[in-house]
Structures are given as structure tokens and as C-alpha cells.
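>
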Amino acid sequence: MERIPILKLGNFLLVSVQVDMHDRLAMTLQDDLTARIVKDSARGVLIDISSLEIVDSFIGRMLGNIAAMAHVLDAETVVVGMQPAVAITLVELGLSLQGVRTALNVEKGMDLLRTAFTSERK
Amino acid sequence: MTVTALKSEAILLRSSEDVIRVRQLTREWAIQTGFSLVEQTKLITAASELARNTVDYGGGGKVLVEALNDTNRRGLQLTFMDEGPGIADIEMALKDGYTTGGGLGLGLGGAKRLVNDFEIVSRPGEGTRVRIARWK
Numbered sequence: 145m146e147r148i149p150i151l152k153l154g155n156f157l158l159v160s161v162q163v164d165m166h167d168r169l170a171m172t173l174q175d176d177l178t179a180r181i182v183k184d185s186a187r188g189v190l191i192d193i194s195s196l197e198i199v200d201s202f203i204g205r206m207l208g209n210i211a212a213m214a215h216v217l218d219a220e221t222v223v224v225g226m227q228p229a230v231a232i233t234l235v236e237l238g239l240s241l242q243g244v245r246t247a248l249n250v251e252k253g254m255d256l257l258r259t260a261f262t263s264e265r266k
Numbered sequence: 550m551t552v553t554a555l556k557s558e559a560i561l562l563r564s565s566e567d568v569i570r571v572r573q574l575t576r577e578w579a580i581q582t583g584f585s586l587v588e589q590t591k592l593i594t595a596a597s598e599l600a601r602n603t604v605d606y607g608g609g610g611k612v613l614v615e616a617l618n619d620t621n622r623r624g625l626q627l628t629f630m631d632e633g634p635g636i637a638d639i640e641m642a643l644k645d646g647y648t649t650g651g652g653l654g655l656g657l658g659g660a661k662r663l664v665n666d667f668e669i670v671s672r673p674g675e676g677t678r679v680r681i682a683r684w685k
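Top to bottom, those sequences are chains F and B.
So in my numbering, the last one in the first sequence is 266, and the numbering has no gaps at all.
So in my numbering, the last one in the second sequence is 685, and the numbering has no gaps at all.
1) Identify, in the order they occur along the chain, each residue of the same chain with its Cβ nearer than 7 Å to the Cβ of Glu640(B), setting aside the five sequence neighbours on each side.
2) Beta-carbon of Ile148(F) versus every beta-carbon of chain B: anything under 8 Å?
3) Looking at C-alpha atoms only, which residue of Gly656(B), Gly646(B), Glu675(B), Thr677(B) is the closest neighbour of Leu592(B)?
4) Using a beta-carbon distance cut-off of less than 7 Å, what residues from the region 668 to 685 of chain B approach chain F?
5) Quick one: is Leu586(B) near chain F, going by C-beta distance under 8 Å?
6) Please state whether DSSP places Gly610(B) in a helix, a strand or coil.
7) Taking only three categories from DSSP, how would you classify Asp666(B)?
8) Using the C-alpha atoms, what's the distance from Thr262(F) back to Thr575(B)?
9) Which residue from Glu566(B), Ala660(B), Ile669(B), Thr677(B) puts its Cα closest to that of Pro760(B)?
10) Counting contacts by CB-CB distance shorter than 8 Å, is Lys591(B) in contact with chain F?
11) Glu220(F): which of Asp167(F), Asn209(F), Val189(F) sits nearest, CA to CA?
12) Step through the CB atoms of chain B and report whether any lies within less than 8 Å of the CB of Ala229(F).
13) Of the choices Gln626(B), Leu562(B), Asn621(B), whose alpha-carbon is the least far from that of Asn602(B)?
14) Mind checking Pro597(B): buried by the 16 CB within 10 Å criterion, or exposed?
15) According to DSSP, is Asn621(B) helix, strand or coil?
16) Hey, does Arg258(F) have any beta-carbon neighbour from chain B nearer than 8 Å?
17) Give the straight-line distance between the Cα atoms of Glu264(F) and Met165(F), rounded to the nearest whole angstrom.
18) For the region 605 to 618 of chain B, list every residue whose C-beta sits within 9 Å of some C-beta in chain F, in sequence order.
19) Strictly by DSSP, which residues pair up with Lys152(F)?
20) Just reading off the alpha helix (DSSP H) that Val216(F) is part of, what are its end residues?
21) Examine chain B for any beta-carbon lying closer than 8 Å to the beta-carbon of Leu196(F), and answer yes or no.
22) Please report the distance separating the alpha-carbon of Gly243(F) from that of Val604(B).
Rendered as C-alpha cells:
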């Protein structure tokens, strides 16, 4: 079965979506990530969507769901790399990804997760 | 003012893989029509929403994609057709947040905001036909 790979880096899980996701693939990613947060005791999830050419209401809902499920499982989620045209379209569509933290790129997203994680440990 | 179709292609809509096929064809033809990246993205996103509606709510159907030539403008038109249960209250279905299928309820109203032309005809028990177009 087709799957999007999830990489583990320290306390964090990294996902880079490189394919045009059909709905079932998006659902599988959602389930896989939730399972891996528990299995790896992950404290953060970074999702890179810089290769995604569109985010429609289904993918938007999936991103929101992942962030909500991660939150319940004591992990932070950050979505990075959204293309400007995608952001414009998403807002016009009526989706503002409330509850989902975003950063411009992977580097800034990792900084955000690290800051959230270390400030919590103090 | 006469609108002529430069070319057209029909795609069957049965599964979520077919939704991707619609997105790809729309992208290809939107680029050929000369749409900017933002215009392409808006049209592809609208096409994705409506194709999913056809599969999930219409019980499958088809879409006709047409590259149009008007007197002094070019455009892309997509007509989604299904023979599903139809929509009883279209005005309600176009409202943001209204859903019967557990989604976000942004598909129909959202798609309308992303295109220039939007037309919907639906009769309970007979099916739904949604036509959208974006002009350059």
C-alpha cells in the first residue's frame, strides 16, 4: 500500500509530502502519524507541504485533525513551507487552519518545535 | 459573442484517484490557457472540491473539461455531472459550514468563490450538475 514516510529525529517526527495526495493516502498519513507519536513518544511533528500544489478542504481538514490529535497526545504540530498561491486560495476557500501552527520553512519549523520543547522542560 | 470549445475531455469520477486525475488535467490545461499560478491554484482547488463531491455525495459520475475561446478571452470550463440523490436545498448547501457528510461544509460555497462562473442544477432523486468556469 502506498504510504508517506515518517522520519524520526530525536523527539520529533518529520513528514515531507512529495506527492499529490488522494483522500485515502491523506487518511493513512493521519492514522500513521497518530500511531507513531505514541510508539516513539514524540513531542513534536513537522509536516513539510512545500511540494503540495493545492490544499483543498479535505487536506486542510487532515492537517487540522493531525494537529488536534497530536495535541491530545501531548505533542506539538507545525506545518511548514506552504506556497503563497496555496495560502491565498486556502483563505478564499474559507479555511484558515485554526489551531495549526505554521512556519515558513523546515528550519524555522524545527526552531519552533525545539523552543516549545525546551521551554517546557525548564 | 460566441463561445467555442477548442478542445474537451471527459473523465469518469469513481474514486479518490480520479479526483487526482481531474486536478492534473485542470493544471495542464490551465497552464496552456495562460493562467497565472494563483489562478491555476484556485481553479484546481475548486475542481478538486467538486470532483470529490461527485464521488462522495453523487455516488460517482463524470466531469467534462473544456478549453473555451470567447471573442476576446480564453477560459477553462468544468461541468460535473452525477445521477446521485441530488441536493434538496441548494441555497443551504452553498452556505459555509453546512454539511451532510461529516466534512467541513466548505466545498460548494468555497468552490464558487474560486471561479468566475458558477452554476448548479440539482433535483432530488435525479442528480446534480455543477458548471464552473474561469476566464483569462
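A virtual CB, placed ideally from N, CA and C, is assigned to each residue, including glycine.
Quick answer:
1) On the second sequence, residue 640(B) is found 91 positions in, with the first residue counted as 1. Closer than 7 Å at Cβ, skipping near neighbours: no residue.
2) Counting from one through the first sequence, the residue named residue 148(F) turns up at place 4. Chain B, which has no Cβ nearer than 8 Å to the Cβ of Ile148(F), makes this no.
3) Stepping through the second sequence from its first residue, residue 592(B) is reached at position 43. The shortest Cα separation from Leu592(B) among Gly656(B), Gly646(B), Glu675(B), Thr677(B) belongs to Gly656(B).
4) none
5) Taking the first residue of the second sequence as 1, we reach residue 586(B) at position 37. Cβ-Cβ to chain F under 8 Å: yes for Leu586(B).
6) Counted from its first residue, the second sequence places residue 610(B) at position 61. Gly610(B) falls in the strand class under three-state DSSP.
7) Residue mapping note: residue 666(B) aligns to position 117 of the second sequence, counting from 1. Residue state, collapsed to three classes: strand.
8) For the purposes of this step, residue 575(B) is taken as the residue at position 26 of the second sequence. For the purposes of this step, residue 262(F) is taken as the residue at position 118 of the first sequence. Approximately 45 Å between the Cα atoms of the pair.
9) Because chain B spans 550 through 685 in this model, residue 760(B) falls outside it and cannot be assessed.
10) Residue 591(B) sits at position 42 when you count from the first residue of the second sequence. So yes, Lys591(B) belongs to the interface.
11) As a position in the first sequence, residue 220(F) is number 76, starting the count at 1. Per the Cα distances, Val189(F).
12) Along the first sequence, one-based indexing puts residue 229(F) at 85. Yes, Ala229(F) counts as interfacial toward chain B.
13) Looking up residue 602(B) in the second sequence gives position 53. With distances taken between Cα atoms, Asn602(B) lies closest to Leu562(B).
14) Residue mapping note: residue 597(B) aligns to position 48 of the second sequence, counting from 1. Note that residue 597(B) corresponds to Ser in the displayed sequence, not to Pro. Counting Cβ neighbours within 10 Å, Ser597(B) comes out buried, since at least 16 surround it.
15) Numbered from 1 along the second sequence, position 72 holds the residue referred to as residue 621(B). Correct three-state label for Asn621(B): coil.
16) By 1-based counting over the first sequence, the position of residue 258(F) is 114. Not an interface residue.
17) In the first sequence, counting from the first residue as 1, residue 264(F) sits at position 120. In the first sequence, counting from the first residue as 1, residue 165(F) sits at position 21. Their backbone Cα atoms lie some 34 Å apart in a straight line.
18) Asp605
19) Here residue 152(F) corresponds to residue number 8 of the first sequence, with the count starting at 1. Note: Lys152(F) sits in a beta bridge opposite Leu157(F).
20) Position 72 of the first sequence holds residue 216(F). Looking at the DSSP string, the run of the alpha helix (DSSP H) that includes Val216(F) is 201 to 216.
21) On the first sequence, position 52 is the one that residue 196(F) refers to. Chain B, which has no Cβ nearer than 8 Å to the Cβ of Leu196(F), makes this no.
22) For this step, residue 243(F) is matched to residue 99 along the first sequence. For this step, residue 604(B) is matched to residue 55 along the second sequence. Each residue's alpha carbon lies about 29 Å from the other.
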